[in-house]
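Asks:
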Amino acid sequence: MLNQITYEYYDTVDSTNDRIKDRARQNADGGLVISAGTQTAGKGRIGRKWESPSHDSISTSMLLRPEEISLDAIPTITVVAAMAVRDALSRLYGLDGQIKWPNDIVLDGKKICGILTEMELKEGKVWYVVVGIGVNVHNRQFPEDIAFKATSVDLQLESVGKQGHRGELTKAIWESFKKYYNIFIQTQDMSGLKEEYESHLANCGQRVRIEAQDNSYEATAMGINNRGELIVDADGEERIIRTGEVSVRGIYGYV
Ligand code: BT5
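Taken in order, the sequence shown gives residues 333 to 587; the numbers are from this note's numbering.
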């Protein structure tokens, strides 16, 4: 169970995920959150870069020390974190984001948030997990290569004359995460959360392109299973897409 959340904030770090890893190795307690104004080496999945320019976005990571968790359940934590960010954006700002499986939140077909879950083993068991969340808040411009597919809270709230608040949103995200994580950890699967997750799943029931390293095909996204894996229907054959294995792109545009 996740009970106490403690917050630390730094102006500039390399990556909040890496700062949490250091603290985890020094035996910090689960529930520690490290956030930063900017990251000099923000990380996406599989060696990709995450843009977190000066004090415009949220870069925040939490240390988890799940007891007796199976290795298989770790990728599901990303799926749980996506629900939390979606929930926080909705509660605070009325923004009705969709989850692009497994780790993005999208609004207007553009990415507002990315999530990177990492972990370290000790003696064959999960020693700790770090959940890192990046949310674009005040960003008005993005580097050219992502400008067409990125958005921010302020851009989304522009039409109603409002702005986001990084501190307030960070707290709301981790409070929502606590709620969902404590449901997840009881069964170590999505059985208690699947229905709500699927109601926000982008492309559910629609055609998607599954882009694996050596194979790429079109299929219809059907939902998730209890492990948080994506179920697709490829010409009548049900296939399970595991986290991290493939990119899922909607056939039209980024989503
Ligand atoms: C992610 O990877 O989306 C995971 C991002 C996790 C960032 C957080 S910030 C706190 C913590 N500390 C870290 O060092 N990381 C975590 P992925 O699905 O691989 O997407 C990466 C891709 O998203 C890049 O290749 C770009 O195309 C795009 N991208 C990069 N920065 C972006 C931004 N600020 N907004 C929207 N898209 C972005």
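Where is the CB? At the ideal position from N, CA and C, for every residue including glycine.
To the nearest angstrom, how far is the alpha carbon of M566 from that of R541?
Replies: Note that residue 566 corresponds to Ala in the displayed sequence, not to Met. Roughly 10 Å separates the two Cα atoms.
Asks: Round the Cβ separation of Y339 and V365 to the nearest angstrom and send it over; I've been treating them as touching at under 8 Å.
Replies: 5 Å
Asks: Pull the bridge partners of L421 from the DSSP assignment, please.
Replies: Answer is none; L421 lacks a bridge partner.
Asks: How many angstroms separate the CA atom of I337 from the CA atom of G363?
Replies: 4 Å
Asks: On the three-pair Cβ rule with 8 Å, is the segment 540-554 touching the segment 394-406?
Replies: With a cut-off of 8 Å, the segment 394-406 and the segment 540-554 do not count as touching, because too few Cβ pairs lie within range.
Asks: For L533, collect the residues of the same chain with a Cβ closer than 6 Å to its Cβ; drop the 5 residues on either side in sequence, then sort them by chain order.
Replies: I431
Asks: Sorry if obvious, but does the Cβ on S386 come closer than 8 Å to a heavy atom of ligand 1?
Replies: No; taking the cut-off as 8 Å, the Cβ of S386 has no heavy atom of ligand 1 nearer than that.
Asks: I need the straight-line Cα distance from G369 to K526, nearest angstrom please.
Replies: 33 Å
Asks: Taking contact to mean at least 3 C-beta pairs separated by less than 8 Å, is the segment 380-394 in contact with the segment 451-459?
Replies: no
Asks: Give me, in chain order, the residues of the same chain whose beta-carbon lies closer than 8 Å to that of M415; leave out the 5 immediate sequence neighbours on both sides.
Replies: I431, S508, Y512, L525, E528, Y529, H532
Asks: Would you report the Cα separation of Y425 and R539, rounded to the nearest angstrom?
Replies: 30 Å
Asks: Figure out for me which residue from D486, V580, T575 has the closest Cα to the Cα of I406.
Replies: T575
Asks: Compare the Cα-Cα distances from I517 to each of N558, D428, G493 and report the closest residue.
Replies: Ranking the options by Cα distance to I517, first place goes to N558.
Asks: May I have the straight-line CA-CA distance separating R581 from V345, to the nearest angstrom?
Replies: 32 Å
Asks: Using a beta-carbon distance below 9 Å, is T338 in contact with chain B?
Replies: Included in the structure is just one protein chain, with no chain B present.
Asks: Please list, in chain order, all residues of the same chain as K443 whose beta carbon is under 6 Å from its beta carbon, the five residues on each side excluded.
Replies: D436, K481, A482
Asks: Does ligand 1 have even one heavy atom less than 8 Å from the beta-carbon of D486?
Replies: For ligand 1, not one heavy atom lies less than 8 Å from the Cβ of D486.
Asks: How would you write the range of the alpha helix (DSSP H) that W459 sits in, first residue to last?
Replies: DSSP places W459 in no alpha helix (DSSP H) but in the uninterrupted beta strand (DSSP E) bounded by 457-468.
Asks: How far does the alpha helix (DSSP H) with Y513 in it reach, from first residue to last?
Replies: 498-519
Asks: Return the CA-CA distance between S372 and L334, expressed in angstroms with no decimal places.
Replies: Contrary to the premise, residue 372 reads as Thr rather than Ser in this sequence. Roughly 29 Å separates the two Cα atoms.
Asks: What do you reckon, is the C-beta of Q371 under 8 Å from a heavy atom of ligand 1?
Replies: yes
Asks: By how many angstroms is the C-alpha of V564 removed from the C-alpha of R571?
Replies: 5 Å
Asks: Return the CA-CA distance between R377 and I401, expressed in angstroms with no decimal places.
Replies: Straight-line measurement puts the Cα of I401 at about 22 Å from the Cα of R377.
Asks: Could you give the C-beta distance for G555 and C536, rounded to a whole number, given that I count them as a contact under 8 Å?
Replies: 6 Å
Asks: Would you tell me roughly how many angstroms separate the C-alpha atoms of G379 and G568, rounded to the nearest one?
Replies: Cα atoms of G379 and G568: separation of roughly 34 Å, rounded to the nearest angstrom.
Asks: Is it true that the CB of T410 sits closer than 9 Å to the CB of I447?
Replies: yes
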